[in-house]
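Participant: Let me begin by handing over the structure; questions about it come next.
Residue numbers (the working numbering): 28 to 204.
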């Protein structure tokens with residue numbers, strides 16, 4: 028959330044080694060990440076920089092479970108990012124929904140090219156899976172206007188317990204309807 032909104036967050040009780048590659052890509056995008064004990068402090072500027080290549084791989088590689096969320100961040104980044112999904116086929120269900128918000132994404136097989144846009148625009152979108160749904164929520168945080176994400180109970184709730192409450196604590200203007 029901090030990366031797409033230009034905010035700051037502290038994550039406590041994390042296994043730092045499990046987040047090394049995600050932290051590395053966030054750093055590459057311009058975020059400042061400080062580790063202390065089992066906590067991460069993440070501070071990000073207003074507009075992320077594009078990360079050249081994000082290639083998913085089995086652990087300890089870049090987690091496919093973070094691909095959609097990182098793609099949401101890259102939709103508003105300065106520059107072009109290339110995503111290569113090597114773990115699962117059909118892992119780009121969120122792309123068409125991000126494009127409804129104004130994202131510039133081209134998919135060819137397992138590769139997606141994301142060209143950052145100046146802004147996303149709020150609209151009604153539909154979560155097609157858990158991670159893609161989370162990506163749509165993140166995109167909604169950065170979008171101008173109101174974003175409505177459908178299929179929250181079916182997809183997002185099963186993996187992100189009370190996500191909207193956590194985001195409100197970070198300062199988000201979000202509610203369940």
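Glycine included, each C-beta is placed from N, C-alpha and C at the ideal position.
This structure is a prediction, so every number in the text was calculated from the model and none was measured.
#1: What three-state label does DSSP hand residue 82 in the structure shown?
#2: How would you write the range of the beta strand (DSSP E) that residue 142 sits in, first residue to last?
#3: How is the alpha helix (DSSP H) around residue 31 delimited, first residue to last?
#4: Work out the CA separation of residue 163 and residue 44 for me, nearest whole Å.
#5: Might you give, ordered along the chain, the residues of its own chain that have their beta carbon closer than 7 angstroms to the beta carbon of residue 150, omitting 5 neighbours on each side?
#6: Quick one: grab the DSSP three-state call for residue 114.
#7: Can you list, in chain order, the residues of its chain whose CB lies under 6 angstroms from that of residue 48, leaving out five sequence neighbours each side?
#8: Starting from the C-beta of residue 138, find all residues in its chain whose C-beta is less than 6 angstroms away, skip the five residues before and the five after it, and write them out in chain order.
#9: Against chain C, with Cβ distances strictly below 7 angstroms, would residue 40 count as a contact?
#10: Residues in its own chain within less than 7 angstroms of residue 120 by CB, not counting five upstream and five downstream?
#11: Could you pull out every residue in the same chain whose Cβ sits closer than 6 angstroms to the Cβ of residue 62, ignoring the five residues on either side in sequence?
#12: If the criterion is Cβ atoms closer than 7 angstroms, does the pair residue 56 and residue 74 meet it?
#13: Between which two residues does the alpha helix (DSSP H) holding residue 124 run?
#14: What three-state label does DSSP hand residue 74 in the structure shown?
Facilitator: On the basis of the supplied data:
#1: Here residue 82 corresponds to residue number 55 of the chain shown, with the count starting at 1. Here residue 82 sits in strand by DSSP.
#2: Residue numbering aside, residue 142 sits at position 115 when the chain shown is read from its first letter. Looking at the DSSP string, the run of the beta strand (DSSP E) that includes residue 142 is 138–142.
#3: Taking the first residue of the chain shown as position 1, residue 31 is located at position 4. Its alpha helix (DSSP H) spans residues 29–32.
#4: Looking up residue 44 in the chain shown gives position 17. Looking up residue 163 in the chain shown gives position 136. Cα to Cα, residue 44 sits roughly 27 angstroms from residue 163.
#5: Against the chain shown, residue 150 aligns to sequence position 123. Closer than 7 angstroms at Cβ, skipping near neighbours: 127, 128 and 174.
#6: Reading the chain shown from its first residue, position 87 is the one you call residue 114. Three-state DSSP puts residue 114 in coil, outside helix and strand.
#7: Residue numbering aside, residue 48 sits at position 21 when the chain shown is read from its first letter. Same-chain partners within the cutoff: 89.
#8: Translated into positions along the chain shown, residue 138 becomes position 111. Correct list, in chain order: 111.
#9: In the structure shown, chain C does not exist; there is a single protein chain.
#10: Taking the first residue of the chain shown as position 1, residue 120 is located at position 93. Within the same chain, residue 120 has close Cβ partners 155, 156 and 159.
#11: Position 35 of the chain shown, counted from the first residue, corresponds to residue 62. Cβ within range, chain order: 43.
#12: Taking the first residue of the chain shown as position 1, residue 56 is located at position 29. Taking the first residue of the chain shown as position 1, residue 74 is located at position 47. The answer is no: Cβ separation not under 7 angstroms.
#13: Within the chain shown, numbered from 1, the residue matching residue 124 stands at position 97. 122–127 is the span of the alpha helix (DSSP H), which, as asked, contains residue 124.
#14: Within the chain shown, residue 74 is the residue found at index 47, counting from 1. Three-state DSSP puts residue 74 in coil, outside helix and strand.
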